[in-house]
Structure formats: structure tokens, C-alpha cells
Amino acid sequence: MDIDVTLTPFSSTDVTLLNRWLVAPHVARWYPDPEDHVGWSVNPPPGGERALITVGDRHVGYIRWQTVSREVLDSVGLHEIPAGSVDVDILIGDSDFVGRGIGPKALLLLLSQLRQRGDVPLVGLTTNIQNLSAQRAYSKAGFYTLREYSPPGYGRCYLMIRVLEENA
Ligand SMILES: CC(C)(COP(=O)(O)OP(=O)(O)OC[C@H]1O[C@@H](n2cnc3c(N)ncnc32)[C@H](O)[C@@H]1OP(=O)(O)O)[C@@H](O)C(=O)NCCC(=O)NCCS
């Protein structure tokens, strides 16, 4: 049966849930700075947005995205990525819901939302080179590995991107 995945608004009362997800072993391995993520979720910077990933009426994960400036891209060596691109982070926090295709569906929902904005050239995700589950999930949502890079504090990572074609 097709799983009913939606992106639903995140409110400050959801911070407890996010905290719990960030310390779950399958997530904590890839999210070394949970406090940063919690702080960001409470008060996103300009150009930053977030949502809960919801299956039916159950919240199972978190997705956040951020429009990135030329200055920020250059500071991490991503000179070829156009300014105004959107960087995404995602997690399925409830381990019962991992490996069921929910991450790729959530990404496709976000892509269609961003496409409607009309001003996003490209969407990117950064994943540790050892995070094979993430790489497989992102491929299912149409992302491909552009190259390897090492953002400060995250070790060797792949940058996976998807160009946002109109009318796709
Ligand atoms: C990465 C993540 C968002 C992918 O979402 P998802 O809904 O699990 O994605 P999928 O169901 O498409 O599964 C992707 C791959 O995970 C692997 N997988 C399947 N079941 C799994 C499980 N129980 N535990 C771990 N990985 C599993 C499989 O390799 C699967 O690929 P396949 O279907 O081609 O075999 C999610 O697994 C997650 O949040 N993981 C922990 C946090 C994380 O790694 N975030 C990303 C940081 S860059």
C-alpha cells in the first residue's frame, strides 16, 4: 500500500520530539551537534525553514532547508553551486519508519514546493561518504553525487544535487 507522507508545520512544542530523534543511535551517528539543530529549529536563520515528516497522523521525522548565499557556498569551497540554491538536511527519527521509502517521498514533496517558488536553481544534500542509506535514499529522489568535499567538522562527504527543472 502507498504510504501517505506529508510535510507538516513544525512548532516550538515539537522540539522535545526533535531532541529525542537526534539522540536515537541511528540518527546520532550522522548528527554530531544535536544542540545546533535544536537551536536552529527553534529560531531558523533568514532563508531557513523546517517541517515535520508525517505519515498519516504520526510524526516520524524532520526536514530543514536553507537558501544559501554566494558567501556561504564559497566559504565551504562550493564555488560551482549557484547562489540561491537550497541546502537540505533530513532525518527519519522514529526507527520503526526507517527503510520504508519515507525519506525519498519527503524529499520529492519538498522539491515540488521549492519548484513552485520559481527562484531555486538547485537543491543539494551533504552526506557522509559512509552513509550509504542516505545516498540510496537521495538517489531515489533524483539526486546524484556531484563530488566529494569536506565541510568543517563533518569529515569526508558527498555533495548530492538535483537541478530544479521547471515543469518536471
Ligand atoms: C537517510 C534517511 C533519511 C533515508 O530515509 P529512508 O526513508 O530510510 O529511505 P529509504 O527507505 O529509501 O531507505 C534508503 C536505504 O536505507 C537502507 N535501509 C533499509 N532499511 C534500513 C534500516 N532499517 N536501517 C538503516 N538503513 C536501512 C537501505 O539500503 C535503503 O536502500 P534500498 O531501499 O535501496 O535498499 C533515513 O534512513 C534516516 O533518517 N537515517 C538516519 C539519519 C540520517 O542518516 N540522515 C541523513 C544524514 S545525511
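Heads up, the working numbering is the position in the sequence shown plus 219, with the first residue counted as 1. Every residue gets a Cβ at the ideal spot worked out from N, C-alpha and C, and that includes glycine. These figures come from a predicted structure and were not determined experimentally.
Roughly how many whole angstroms lie between the Cα atoms of residue i and residue j?
i	j	result
L310	I272	9 Å
L351	L292	24 Å
D308	I348	15 Å
V326	Y377	In the sequence under discussion, the amino acid at residue 326 is Leu, which differs from the Val named in the question. So the alpha carbons of these two residues sit roughly 17 Å apart.
L328	R366	25 Å
R283	E268	6 Å
G343	R319	22 Å
Thinking C-beta only, is residue j closer than 8 Å to residue i?
i	j	result
Q335	V305	no
A243	S314	yes
V274	V224	yes
P301	A270	no
Just to check, is the beta-carbon of residue i closer than 7 Å to a non-hydrogen atom of ligand 1?
i	result
I348	no
R283	no
D320	Contrary to the premise, residue 320 reads as Gly rather than Asp in this sequence. Checking the Cβ of G320 against ligand 1 gives yes.
H245	yes
| request: Scan the segment 240-293 and note each continuous beta strand (DSSP E) run of 3 residues or more that stays entirely inside, going in chain order. | output: Counting only runs of at least 3 residues, the segment 240-293 fully encloses the following beta strand (DSSP E) elements, listed from N- to C-terminal order: 267-274, 277-286.
| query | Is the number of C-beta pairs between the segment 338-356 and the segment 251-268 that are closer than 8 Å three or more? | reply | With the cut-off at 8 Å, the segment 338-356 and the segment 251-268 do not touch.
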